[in-house]
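Every position in the sequence shown, counted from 1, becomes a number in the working numbering once 6 is added.
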Amino acid sequence: MARHDPHSHADFSQGRIQHIDLQLEVDFERHELRSTCRYRLERAAVGPFDLDTRGLKIHSVSAGGRDVAFSLGEEDSILGRRLRLEDLRGAPSFEIEFTAPPEARALQWLTPAQTAGGHYPYLFTQCQALNARTIFPCQDSPSVRFTFDASLRVPDPLVGVMSAAPTSDEASDGHRTFRFRMPQPIPSYLFALAVGEISSRDLGPRSRVYAEPQVIESAAWEFAQTEAMLDQGEKLYGPYPWERYDMLVMPPSFPYGGMENARLTFLTPTMIVGDRSLTNLLAHELAHSWTGNLVTNATWEDFWLNEGWTTYAERRILGVLEGEDSAMLRAATGRNTLIRSLNHFGWTADPTRLKFSQKGINPETVLSQVPYEKGYAFLVRLERAVGRPAFDAFTRKYIAEHRFQTITTEAFVQILRRDLPLAVRLVDLDTWLYSPGLPQDAPSFESPLIDVVSNRLFDYQEGRLPRREGVANWATAQTYLFFQFLPRRIPVDHCRVLEQVFALDRTRVPHFLSHFYEISIRSGYREVLPRAEELVATVGRSFITRPIFQAMAETEWTRLLARPLLERVRQRLHPITVAQMEEVLAKKGL
Ligand code: BES
Ligand code: ZN
7 MARHDPHSHA
17 DFSQGRIQHI
27 DLQLEVDFER
37 HELRSTCRYR
47 LERAAVGPFD
57 LDTRGLKIHS
67 VSAGGRDVAF
77 SLGEEDSILG
87 RRLRLEDLRG
97 APSFEIEFTA
107 PPEARALQWL
117 TPAQTAGGHY
127 PYLFTQCQAL
137 NARTIFPCQD
147 SPSVRFTFDA
157 SLRVPDPLVG
167 VMSAAPTSDE
177 ASDGHRTFRF
187 RMPQPIPSYL
197 FALAVGEISS
207 RDLGPRSRVY
217 AEPQVIESAA
227 WEFAQTEAML
237 DQGEKLYGPY
247 PWERYDMLVM
257 PPSFPYGGME
267 NARLTFLTPT
277 MIVGDRSLTN
287 LLAHELAHSW
297 TGNLVTNATW
307 EDFWLNEGWT
317 TYAERRILGV
327 LEGEDSAMLR
337 AATGRNTLIR
347 SLNHFGWTAD
357 PTRLKFSQKG
367 INPETVLSQV
377 PYEKGYAFLV
387 RLERAVGRPA
397 FDAFTRKYIA
407 EHRFQTITTE
417 AFVQILRRDL
427 PLAVRLVDLD
437 TWLYSPGLPQ
447 DAPSFESPLI
457 DVVSNRLFDY
467 QEGRLPRREG
477 VANWATAQTY
487 LFFQFLPRRI
497 PVDHCRVLEQ
507 VFALDRTRVP
517 HFLSHFYEIS
527 IRSGYREVLP
537 RAEELVATVG
547 RSFITRPIFQ
557 AMAETEWTRL
567 LARPLLERVR
577 QRLHPITVAQ
587 MEEVLAKKGL
C-alpha cells in the first residue's frame, strides 16, 4: 500500500473524504463520546478504503443501507490502527457507528472540581497532531480537507461549542442538542469541540470570547485587541477567510498555550494576567488563520511551514500594534529559546533540522521551539535579503495561490526559486532547511528594550543584583528575557533577592515562575518547592511546567519527589501532559 503521509494510514489513491456529517453524543457518566458519522467522498470509490483510528470501538459500517465488511489492523504505538473498509463498491458515501473510550487521547474529561465554576463537568478536545483519530475515524493527515455538519447532544444545562458556525440548538428530555455547520474545508487536526458551563461575550463584529462565567469579564478585557489584530492580519495577508474569529478560554489543565482550531481558537487561562502583556499568544493563534489553517503543512515533517510562518506573522502584527522595538524584543526572546533547544538536543541532532524524516517518530515527542524560531529566523533572513516590501508582496502571493491547500517544504523551495530569485542567490536554502544547528548568517535582533536587559545581566555577572526601582517599569517580555539569560544555578540568597525585586510571590505571569522555580530547585532554594509543586498540579501548559518538573527529576534533593508528585496529579492533568511527564521520568530512570 502506498503511504502518502508517514503519520497516517490513508492511501490517497483510494480517494479522499470531502464532507462529514457527525452526530455526537456526550456521555459524562461513562466518559464516552458516541457517534454516528456519514462520510462523503470526493469521488465514488471502488475497492478498499483505509482510515486512521486509535482506541475506537467500531460498531458498524454501512453504505447505501447495506453493511460493509471492515477490519482493524495491528495497533501501531504511534499511528494507532488502520480501519479498512473492505469494498465500497462504487458508493459515494458511507456511515460508521463508533464509540470513543474514556482514555481517548484527544479528550479530557474534567470533574466539576477541575473547572472555575466548580458545579459542572467539562469536556474538551485537542486533535493536533495525531489525535483526531482517537475521536472519529478519518484520513488523519493535514493534507486532507473536509467540510462538516455536526450535532452535539449534551446534558442540560451544559453548552457545546465547536470549530464551526453554530446554527441552532434545542432542548428535550434533559438534553440539549447544538447544531453546527462548517462551510470552509479543514484538515482533521483543526477539528474541535468543548462542552461545559460556557458563556460568551461579543468583542466586535466578527469576534466573540467564550469562557466559564467566572472568567468571561477578565477574558473580554484581556482580548480587547482581537479586532485590531484581525484588521492588521488582513492588511498584511489578505481578507480573513473564515468569517468569524472566536476564542474559548480553557480550564487550567489545557496542555498548550493556544490551539488555532478553525473559527474557534482555544487559549490557556494563564494568559489572562490583567495587563494584556501575554496577548502575543493571541496574535500567534490568530495569525494561523492565514499561515497554517489556510495554507497548511502537507505533513508534520513540514511543520515549520505552519509554525515558522506563524511566528513571523505574529511578530509582524505585533510590530504594528506595539512597535518594532517590542517585536524585536520578542524575537530576541525567541532566539534564546532556540539556543536552549539546540543545546538540549545537541547541535547536530535531527530535531534541530527544519525538515527531517519522522518515520517512526511521534511528532508530539519532538515538538520544540526549533520549527518556530529557526523557521522564523529563516524567514527573517529571506526578508532581509530582499527587503520588506518585496518580501511582503511575495508572501501575499504565496498565500493567495495556496489558500485552502497544503504545501511541502520542497514545493515552497520551488516557489522561492520562481518568485524570490534574489533571496535564493543570497541564502543557502539547503543549509537552512535540511542541516542541523543554526546557520552562520542567522539574523540578529536589536532593540533598545533588549539593551536595558543586557545591561542588568552584565551587572549581575559582575556581582551587582538588580534593584526594585530599576526593573519596576519593565515590560513583561523584558523580565522574561532577563530570567532566560540567568544561569540555572545561583546562590540561594540571590534567589531570595530576585524574588523580592521582581515581586515573584505576587506575579500572575506563569512564565516568570516557570524560570524562577526551575532555577530555585536547581539552586537548592527549598522554600519554593510547595509553590512549584502547586503550579505543576494546576497548570497543564507543559511549556510552563516541564522545566520545573524536569529540574525536580534532575536535582539530587528533589529527584525522589518527582514520581510521587506525578502520581498525586495524574488524575487532574491532561493525558498529553501526563505522557510528557512520564517521558521526563523515564529518561532519569525514575
Ligand atoms: N498549533 C500550536 C500548538 C500545537 C502544536 C499543538 C503541535 C499540538 C501539536 C499552537 O499554534 C502553538 O504554537 N501554541 C504555542 C503558542 C505560542 C508559540 C505563542 C503554545 O501552546 O505554546
Ligand atoms: Zn502555532
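Cβ atoms here follow ideal geometry from the backbone N, Cα and C, with glycine treated the same way.
On a predicted model such as this, the values are computed, not experimentally measured, just so you know.
Neighbour-count burial assignment, residue i, 16 or more Cβ in a 10 Å radius
i	result
V52	exposed
Q446	exposed
L566	exposed
E524	buried
P127	buried
Q420	exposed
D58	buried
A177	exposed
E468	exposed
H580	buried
T316	buried
N349	exposed
W306	buried
H15	buried
Neighbourhood of residue i by C-beta, 7 Å cutoff - its chain only, sequence neighbours within 5 removed
i	result
P172	F184, F186
L311	N303, I413, T415, F418
F377	The amino acid at residue 377 is misidentified as Phe; the sequence shows Pro. Here the set comprises F309, W310, E313, G314, L360.
R569	L591, L596
M7	Its pLDDT being 49, under 50, M7 is placed unreliably by the model, and nothing is read from it.
W353	P442, G443
I141	L39, A106, A110, A112, L113, T131
Distance, residue j Cα to residue i Cα
i	j	result
G21	E452	50 Å
P193	A138	10 Å
H521	E328	25 Å
G123	P516	21 Å
G210	R402	26 Å
T583	V503	32 Å
F491	T358	21 Å
I23	S147	11 Å
D252	R214	5 Å
I278	L94	50 Å
M188	D27	10 Å
Y531	F488	19 Å
L85	L116	26 Å
V74	G61	20 Å
E370	N461	38 Å
S374	G70	46 Å
P493	N479	23 Å
R512	E505	9 Å
A396	L199	40 Å
R514	C144	40 Å
M558	R552	10 Å
A225	R207	9 Å
I204	D281	24 Å
P472	I222	37 Å
Cut-off 6 Å between Cβ atoms - residues of its own chain near residue i, not counting five sequence neighbours on either side
i	result
R250	R212, R269
E101	R44, S68
H10	F18
E291	G264, E266, T271
F400	D425, L426
V160	V32, G166, R182, V201
I550	P516, S520
A538	Y523, I554
L422	V430
L284	M277
D4	This structure cannot settle anything about residue 4, because the visible part of the chain is limited to 7 through 596.
Beta-carbon separation (whole angstroms), residue i vs residue j, contact threshold 8 Å
i	j	result
L324	R341	Going by Cβ atoms, the distance from L324 to R341 rounds to 16 Å, so no, they are not a contact pair.
P191	F152	6 Å
F55	L91	5 Å
V542	L519	At roughly 11 Å, the Cβ-Cβ gap does not stay under 8 Å, so V542 and L519 are not in contact.
Y243	T339	Y243 to T339, Cβ: 24 Å. No contact.
P258	T482	Actually they are not in contact, since the Cβ atoms of P258 and T482 sit about 19 Å apart, beyond 8 Å.
T297	A333	No, T297 and A333 are not in contact; Cβ-Cβ is about 16 Å, not under 8 Å.
Q120	R578	6 Å
R46	H25	4 Å
P449	V392	Actually they are not in contact, since the Cβ atoms of P449 and V392 sit about 13 Å apart, beyond 8 Å.
P261	S548	6 Å
Contact set for residue i: own chain, Cβ-Cβ below 8 Å, skip 5 residues either direction
i	result
L288	F229, Q231, T232, M235, M253, G264, T271, L273, M277
R495	I525, R528, S529
I367	I84
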